[in-house]
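The structure appears below as structure tokens.
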Amino acid sequence: MMSIRSLAGACLSAFAALGAFAVPASAQNYPTRTITMIVPFAAGGPTDVISRIVTAHMAQTLGQSIVIENVVGAGGTTATTRAARAANDGYTLVTGHMGTHAASVPLYPKLAYHPEKDFEPVALLAGTPILILARKDFPPKDLKEFVAYVKANAEKVNAAHAGIGSVSHASCELLNSILDVKPVGVPFNGTGPAMNALVAGQVDYMCDQIVNAVPQINAGTIKAYAVATPERNPSLPNVPTTTEAGLPAFQAQAWNAIFAPKGTSPAIIATLNAAAIKALDDDNVRKRLLELGSVIPAPANRTPEALATLVKSEIAKWTPVLKPAS
Ligand code: MLT
């Protein structure tokens, strides 16, 4: 006959088994094969660089490779549409950002996805302050001269960006609206190639995420007028803030984050979130992200819920700024 103790044990095992049945087998064993991370811009740009740094560590934690697939076009919305329509099995993810998951909403009235309705937020990876950059022989020496020069030459100057709705496009729309200028926009498939054009002197200026700019600024191949955050960035101590340089109205910091297609199981989201957090706590990952000027999210901002809140607030923030431009 079964003792009370073994009866209780049997009941607990039965409950545990029932609990296990609540999680699909595919989620329990996840991941069992290679994961694809779609990056919506060209290789070598900020989204690509951040994705590669973080996913290399996540792959170790998960015991499976994470392959980066760069899918370019339409300011990142082509790739993000593809990610939204992918199977929600945890094997196709996307690194979205302030552009794909906020600025695109007012800029594309027929956007084929909605950042809040068509994705499960996984984890915020990095904040990326925006810099005002120019080719190294662009005449203005500092931000005050830049403002005067761009206003005086509004018909002639051009600004590179990574497509309508990208971070570089949206943040320069904000800058241009503050300056009341409409430069010619020169679109690229990412700010990786746009940066190459800036270094080559083929375009005049650009608003770009710091991750893409630190090596070039330090090498002296481009000019940096200011960083659009309240504080200077430790990776670029000599670059003034927009407030210090005389344009306090221009404040902009982007972000990059992992999203999964809507309906991906909560167990898979939790596994991916834990792996992302582990990566963000790794000394080597932190060092590489910080050297490039990224802002590593504080623990409270690393949950899927915090990312959902960020997306909502960023759509609300960018919609009135960008609506008139669409
Ligand atoms: C990139 O990786 O090329 C950028 O994130 C593009 C942008 O949004 O400006």
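Numbering-wise, the working numbering puts 65 at position 82 of the sequence shown, and it's gapless, one number per residue.
By construction, the Cβ of each residue, glycine as well, lies at the ideal position given by its N, Cα and C atoms.
Helix, strand or coil at residue i according to DSSP, with G and I counted as helix
| i | result |
| --- | --- |
| F4 | In this prediction, F4 has a pLDDT of 47, which is less than 50 and means its spatial position is unreliable; what the coordinates show is noted afterwards. In this structure, F4 counts as helix in the three-state DSSP scheme. |
| A26 | coil |
| K270 | helix |
| N141 | strand |
| V186 | coil |
| R118 | strand |
| V97 | Reading the sequence as shown, one finds His at residue 97 and not Val. The answer is coil: DSSP assigns H97 none of H, G, I, E or B. |
| G168 | strand |
| M178 | helix |
| V55 | coil |
| G82 | helix |
| I113 | strand |
| S233 | At residue 233 the sequence reads Phe, which differs from the Ser that was named. The answer is coil: DSSP assigns F233 none of H, G, I, E or B. |
| Y132 | helix |
| T61 | helix |
| Q43 | helix |
| P104 | strand |
| N216 | coil |
| A310 | Lying before the first or after the last residue shown, residue 310 is absent from the chain, which here runs from -16 to 309. |
| I279 | coil |
| V32 | helix |
| V150 | helix |
| V210 | strand |
| T224 | strand |
| N12 | coil |
| T247 | coil |
| T286 | coil |
Through-space distance from residue j to residue i, alpha-carbon basis
| i | j | result |
| --- | --- | --- |
| A142 | R16 | 42 Å |
| A196 | P7 | 44 Å |
| L108 | P223 | 25 Å |
| D125 | T247 | 48 Å |
| M81 | I33 | 14 Å |
| V140 | T286 | 42 Å |
| P104 | P122 | 43 Å |
| A359 | L45 | Within the shown structure, residues of the chain are numbered from -16 to 309, placing residue 359 beyond reach of any answer. |
| V77 | A85 | 15 Å |
| V268 | Y132 | 40 Å |
| P282 | A291 | 15 Å |
| R65 | V22 | 11 Å |
| L158 | P14 | 43 Å |
| K314 | R271 | The structure shown has nothing for residue 314, since the chain only spans -16 to 309. |
| T302 | T83 | 13 Å |
| S160 | S277 | 26 Å |
| A70 | S9 | 13 Å |
| F4 | A257 | Any reading at F4 needs caution, since the residue's pLDDT is 47, under 50, leaving its predicted position unreliable; the model's value is listed next. Rounded to whole angstroms, F4 to A257 spans 22 Å at the Cα level. |
| I298 | N284 | 17 Å |
| S225 | A235 | Note on identity: in this sequence residue 225 is Thr, with Ser being the wrong assignment. In a straight line, the C-alpha of T225 is about 10 Å away from that of A235. |
| E288 | P98 | 14 Å |
| S151 | D31 | 15 Å |
| A253 | S149 | 28 Å |
| V164 | K245 | 39 Å |
| I18 | T61 | 19 Å |
| S296 | K127 | 31 Å |
| A106 | V294 | 11 Å |
Sub-9 Å separation of residue i and residue j beta-carbons
| i | j | result |
| --- | --- | --- |
| N221 | V55 | no |
| P346 | N179 | Residue coverage of the chain in this structure runs from -16 to 309, which leaves residue 346 outside it and unanswerable. |
| K119 | K206 | yes |
| T75 | A243 | yes |
| I49 | A26 | no |
| Y96 | R68 | yes |
| A237 | G110 | yes |
| L94 | D191 | no |
| I113 | I193 | yes |
| L305 | P166 | no |
| P198 | L275 | yes |
| M20 | I279 | no |
| G79 | L255 | no |
| A250 | Q11 | yes |
| S310 | A211 | Since the displayed the chain opens at -16 and closes at 309, residue 310 lies outside it and no answer follows. |
| A57 | I200 | no |
Any non-hydrogen atom of the ligand SAM closer than 8 Å to residue i Cβ
| i | result |
| --- | --- |
| T63 | Absence of the ligand SAM from the depicted structure is noted, with the ligand MLT being the only ligands included. |
Integer Cβ distance of residue i from residue j, believed to fall under 8 Å
| i | j | result |
| --- | --- | --- |
| G175 | H144 | The pair is not a contact, with the Cβ atoms about 12 Å apart (cut-off 8 Å). |
| G59 | F24 | 6 Å |
| L162 | V130 | 6 Å |
Are at least three pairs of beta-carbons, each pair with one atom in the region 221 to 234 and one in the region 257 to 276, less than 8 Å apart? no
With three or more C-beta pairs closer than 8 Å as the rule, is the region 129 to 145 touching the region 181 to 191? yes
Taking one C-beta from the region 209 to 216 and one from the region 34 to 42 each time, how about it: are there three or more such pairs within less than 8 Å? no
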